[in-house]
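Residue numbers (the numbering used here), protein chains in the order written: chain A, 1 to 140; chain B, 141 to 285.
Given below as C-alpha cells:
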C-alpha cells in the first residue's frame, strides 16, 4: 500500500505520495519520524520553495536516493545532510551558500489539486513562517 | 568627506557610507532618488540578503554595472541596474553571507556602500524578514554630514 502523508499548512491540507520504490531508506526514516510539527519558512538560496528542518533526520552519512538537483513543482525534496525538507511551488533547486547546485532526494509528490497548499507555501516569502504538521494519512 | 545615507528597517536605523569612488553613477542616482520608501523582502536565491524593487526615477534609468561583484558581504548595499529582462533596478542589502544569484546562476551587482559600525539592530531587522516576512525600507539623506 502506498505511503501517504497528510500535510497541514496554516489550515490548508495537502496529501503527498512518498516514492518508496525509488527512495526506500529515506522514506523508511521519514515515515518513522512522523508526525512532525514545525514552522515552514521560505528558502533563501533555492528559489521558489518553502522548507522545514527535521533535526532528528539530519545525517551526513545517508546516501541521497532518487537524486534530483532541480525540485519538481509540487515535489517534496529532502536533503539528509541538513535534515531539510522542501516543498516546491515553482522553479527551485537544491542550493546553499557553498553550492550553486547540490543534490536532494525526491521524496514525494503532492497529489491532486494542491494549488491552495502551494499558494500558502509561496505566501511565506511575504508573510513569514507558517505552522506545518506532517502525519501519516491514516491518522486522519 | 564620504557621502552617507540613513537606512531604516522595522524601526532600526543605521548610516551607510557610500562608495562613490567605486560606483559614482550609481551612487549619484541613489542620492537623486532619495527619499525612498520601498517594500523589502528576503531574497529567494541569493542567501542572507533582502531586496527592494525600484521601478522609477534615476535608479531605473541606470546603465551599466560599476565595479561589478557577485558576493555581497554582510552590511553591504548593492544595486542591480535595469536589464532587458528585468526593467527597473533592484536594491539589495546583506545581513550575512550572500551571493547575487538568479535561477540560471550567478549574476553581478554594483556595490554602493556599507553600513557603519554599530548597525546590529538593523542587521537583525533584515534577518527577521526570513521569519516574519515582508517589511518596509526607508532611505533618506543623512543629517549632520
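Idealized CB from N, CA, C, for every residue including glycine.
Cβ of residue i within 8 Å of any chain B Cβ
i, result
"residue 131 (chain A)", "no"
"residue 140 (chain A)", "Confidence at residue 140 (chain A) is low in this model, with a pLDDT of 42, below 50, so its placement is unreliable and no value can be given for it."
"residue 100 (chain A)", "yes"
"residue 11 (chain A)", "no"
"residue 75 (chain A)", "no"
"residue 127 (chain A)", "yes"
"residue 19 (chain A)", "no"
Inter-residue Cα distance where the pair is residue i and residue j
i, j, result
"residue 114 (chain A)", "residue 157 (chain B)", "47 Å"
"residue 92 (chain A)", "residue 10 (chain A)", "22 Å"
"residue 198 (chain B)", "residue 243 (chain B)", "27 Å"
"residue 288 (chain B)", "residue 153 (chain B)", "As shown, chain B starts at 141 and ends at 285. That puts residue 288 (chain B) outside it, with no answer to give."
"residue 28 (chain A)", "residue 86 (chain A)", "18 Å"
"residue 230 (chain B)", "residue 90 (chain A)", "21 Å"
"residue 116 (chain A)", "residue 12 (chain A)", "7 Å"
"residue 278 (chain B)", "residue 196 (chain B)", "16 Å"
"residue 140 (chain A)", "residue 53 (chain A)", "The predicted model places residue 140 (chain A) with a pLDDT of 42, which falls under 50 and marks its position as unreliable; any figure quoted below should be read in that light. For residue 140 (chain A) and residue 53 (chain A), the distance between alpha carbons rounds to 23 Å."
"residue 207 (chain B)", "residue 260 (chain B)", "27 Å"
"residue 250 (chain B)", "residue 15 (chain A)", "44 Å"
Any C-beta of chain A under 8 Å from that of residue i
i, result
"residue 165 (chain B)", "no"
"residue 153 (chain B)", "no"
"residue 272 (chain B)", "yes"
"residue 181 (chain B)", "yes"
"residue 266 (chain B)", "no"
Beta-ladder partner(s) of residue i, from DSSP
i, result
"residue 77 (chain A)", "A:86, A:106"
"residue 133 (chain A)", "A:8, A:37"
"residue 193 (chain B)", "B:230"
"residue 145 (chain B)", "B:156, B:281"
"residue 1 (chain A)", "Bridge partners of residue 1 (chain A): none, in fact."
Unbroken alpha helix (DSSP H) run spanning residue i, endpoints
i, result
"residue 251 (chain B)", "Not the alpha helix (DSSP H): residue 251 (chain B) falls in the beta strand (DSSP E), residues 250-255."
"residue 121 (chain A)", "115-127"
Run of the beta strand (DSSP E) containing residue i, from where it starts to where it stops
i, result
"residue 48 (chain A)", "47-53"
Can you pull out the residues from the region 38-65 of chain A whose beta carbon lies closer than 9 Å to at least one beta carbon of chain B? Residues of the region 38-65 of chain A that bring their beta carbon within less than 9 Å of a beta carbon in chain B comprise 39, 41, 42, 43, 44, 45, 46, 47, 48, 49, in sequence order.
Residues of the region 77-94 of chain A with a CB closer than 7 Å to any CB of chain B: list them in chain order, please. If the cut-off is 7 Å between Cβ atoms, the region 77-94 of chain A has 91 near chain B.
Quick one: which residues of the region 185-207 of chain B get their C-beta closer than 9 Å to a C-beta of chain A? List them in chain order. Taking 9 Å as the Cβ-Cβ cut-off against chain A, the residues of the region 185-207 of chain B that qualify are 185, 186, 187, 188, 189.
Going along the chain, which residues of the region 224-235 of chain B sit with their C-beta nearer than 9 Å to a C-beta in chain A? Hits within the stretch: zero.
Which residues, taken in chain order from the region 231-260 of chain B, show a beta carbon closer than 9 Å to some beta carbon of chain A? Taking a C-beta cut-off of 9 Å against chain A, the contacting residues of the region 231-260 of chain B are 236, 237, 238, 239, 241, 243, 245, 246, listed in chain order.
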